[in-house]
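In what follows, a single structure is set out as structure tokens and then discussed.
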Amino acid sequence: MIPISIISFVNKHCKSNPDEEPNKLKKRLKEAVNDKENGVICFKCDQEIWAIGSAVANQGCFSCITGEAGASEDYEIDEVCWS
Ligand SMILES: [Zn+2]
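Dropping the structure here:
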């Protein structure tokens, strides 16, 4: 995945989603990062969660949230971007 900092993702996401509250999104991202660091797993399978997807959608891994297998062109928060 492509590493991105929380603040850069918030700016990017809020530009394309003007209804999103930047502070709330930032808070959800921080929670998702904490969850991932604490080893929280996907709601559907037993993979590690995708922090960005967990902040904007369900607490799940990339494949279960998006239905796609490849995540190489998608973003993940830099501090939990392990693969
Ligand atoms: Zn999953």
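Just so we're aligned, residue 21 is where the sequence shown starts under the numbering used here, counting upward by one. Where is the CB? At the ideal position from N, CA and C, for every residue including glycine.
Exercise. Would you say the beta carbon of glycine 59 comes nearer than 6 Å to a heavy atom of ligand 1?
Worked result: As a working note, residue 59 is residue 39 in the sequence shown. Glycine 59 Cβ: outside cutoff for every heavy atom of ligand 1.
Exercise. Can you list, in chain order, the residues of its chain whose CB lies under 8 Å from that of valine 76, leaving out five sequence neighbours each side?
Worked result: By 1-based counting over the sequence shown, the position of residue 76 is 56. For valine 76, where only same-chain residues beyond five positions count, the Cβ hits under 8 Å are His33, Leu45, Arg48.
For this session: Using the Cα positions of glutamate 68 and glutamate 40, report the straight-line distance between them to the nearest angstrom.
Result: One-based indexing of the sequence shown puts residue 68 at position 48. One-based indexing of the sequence shown puts residue 40 at position 20. Rounded to the nearest angstrom, the two C-alpha atoms are 26 Å apart.
For this session: Following the continuous alpha helix (DSSP H) through isoleucine 69, name the residue where it begins and the one where it ends.
Result: Numbered from 1 along the sequence shown, position 49 holds the residue referred to as residue 69. Taken as a continuous stretch (DSSP letters only), isoleucine 69 belongs to no alpha helix (DSSP H), as it is neither H nor E.
Exercise. Of the residues Ile27, Ile22, Cys65, Gly73, which one's Cα is nearest the Cα of asparagine 43?
Worked result: Looking up residue 43 in the sequence shown gives position 23. Answer by Cα proximity: Ile27.
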